[in-house]
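> Following this message is one structure expressed as structure tokens.
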């Protein structure tokens, strides 16, 4: 088995075991239930802001949008307003499609050598499961806000109603959690089964996948099999939010495992590839209008240097230019 896979899996298992042991020991419940969540939130918020500010300060002297549509030029040439935006409104539309529907990934193709020729295939399954993964993750995050808000806003209750619309069994099966686990498993299996992806994958690629599997798996286990005390869990979370932390007596250790994995993901997020969630908004290849033909863009970091005109240059070196046989505009 790949060493990176083993290291990542062992790391997640060890973290889960530590959290289970800490949640089982009353003396350590305050560490895993209060101290670590606060540290994770501060690190996540500080790291996220630091990365965004660092990217925002990066110099972008030229217009470098990555496009594949016809740029705006002559009036009689059809212009692709969405694919190659000329205005700020077009950029907003392009970014909206990119963020909400993964438009670039939808048109992604894979190249494979079959026999003596190269074959290109549409990777629709990658787009579908990536979309399912992100939207189910978002739904899970929004649903969990009910543990941190009192009273629970109506839109969270509406989302839970839609999420459990099929009402499979009791408690009602919420599809977002199941879809999240299925999607992250697909992304892992895709990375493992494709030789080129497996060769290029590092431990940093597998670790967040295993971590999200652990979060989704423990969440499903607690909801449908363990049946944890939800009232006690909300008492814990509301104490964290109101800055009056408390540790209820009847919280199962698996709650601490679930919470600790979430905290690890929060700490890991700003310093990993997962920060593409915030970086997409600052990507110069996406957030710039392609109007370089209509406007002259001057690099703001260029130093203010004195420029010499050709007339002045020739007046100074005319004699030497004539001796060297170079053409001049004026004879001496």
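Numbering (the UniProt record's numbering), first residue to last: 1 to 332. From the three backbone atoms N, C-alpha and C, an ideal C-beta is built for every residue, glycine too. The structure presented is a predicted model; accordingly, all values stated were derived computationally and were not measured.
1) Give the DSSP-derived three-state secondary structure of residue 96 in the structure shown.
2) Straight-line CA distance for residue 13 to residue 301?
3) What residue range does the alpha helix (DSSP H) around residue 136 cover?
4) CA-CA distance, residue 24 and residue 227?
5) With a threshold of 6 Å on Cβ separation, who are the neighbours of residue 210 within its own chain once the five nearest residues in sequence on each side are excluded?
6) According to the neighbour-count rule (16 or more other Cβ atoms, all chains shown, within 10 Å of its Cβ), is residue 294 buried or exposed?
7) Thinking just about the alpha-carbon of each residue, which of 156, 172 and 78 is nearest to the one in residue 223?
8) Taking the C-alpha atoms as reference points, what is the distance between residue 52 and residue 278?
9) Within its chain, find whatever has a CB closer than 7 Å to the CB of residue 59; leave out the 5 residues flanking it on each side and keep chain order.
10) Mapping DSSP to helix, strand and coil, what is residue 320?
11) With DSSP as the reference, identify every bridge partner of residue 227, one or two as the case may be.
12) Runs of 4 residues minimum, wholly inside the stretch 162–236: which ones carry the alpha helix (DSSP H) assignment?
13) Do you know offhand how far residue 246's Cα is from residue 282's?
14) Please identify the residue among 289, 270 and 144 whose C-alpha is closest to the C-alpha of residue 45.
15) Relative to the alpha-carbon of residue 290, which residue among 69, 102 and 57 has its alpha-carbon at the smallest distance?
16) Which of helix, strand or coil does DSSP assign to residue 39?
17) Quick one: what does DSSP say residue 294 is sitting in, helix, strand or coil?
Inspection of the coordinates gives the following:
1) In the chain shown, the residue the question calls residue 96 occupies position 96. Helix at residue 96.
2) As a first step, residue 13 must be located in the chain shown, where it is residue number 13. As a first step, residue 301 must be located in the chain shown, where it is residue number 301. Distance between the alpha carbons of residue 13 and residue 301 is about 49 Å.
3) On the chain shown, residue 136 is found 136 positions in, with the first residue counted as 1. Per DSSP, residue 136 is one residue of the alpha helix (DSSP H) stretching across 124–144.
4) Indexing the chain shown from 1 puts residue 24 at position 24. Indexing the chain shown from 1 puts residue 227 at position 227. Approximately 17 Å between the Cα atoms of the pair.
5) Position 210 of the chain shown, counted from the first residue, corresponds to residue 210. Result list for residue 210: 8, 9 and 12, in chain order.
6) Locating residue 294 in the chain shown gives position 294, counting from the first residue. Per the 10 Å Cβ criterion, exposed.
7) Position 223 of the chain shown, counting from 1, holds the residue named residue 223. That would be 172, whose Cα lies nearest to the Cα of residue 223.
8) Mapped onto the chain shown, residue 52 falls at position 52. Mapped onto the chain shown, residue 278 falls at position 278. Using only the alpha carbons, I get a separation of about 7 Å.
9) Here residue 59 corresponds to residue number 59 of the chain shown, with the count starting at 1. Closer than 7 Å at the Cβ level, and outside the excluded window around residue 59, lie 301.
10) The residue labelled residue 320 in the question sits at position 320 within the chain shown. Residue state, collapsed to three classes: helix.
11) For the purposes of this step, residue 227 is taken as the residue at position 227 of the chain shown. The partner list for residue 227 (beta bridge, DSSP) is empty, contrary to what the question assumes.
12) 175–193, 195–200 and 203–221
13) As a first step, residue 246 must be located in the chain shown, where it is residue number 246. As a first step, residue 282 must be located in the chain shown, where it is residue number 282. Roughly 40 Å separates the two Cα atoms.
14) Your numbering for residue 45 matches position 45 in the chain shown. It is 270 whose Cα lies nearest to the Cα of residue 45.
15) Indexing the chain shown from 1 puts residue 290 at position 290. Cα-wise, what sits closest to residue 290 is 69.
16) Here residue 39 is taken as the residue at index 39 of the chain shown, counted from 1. Correct three-state label for residue 39: helix.
17) The sequence position of residue 294 within the chain shown is 294, counting from 1. Coil at residue 294, not helix or strand.
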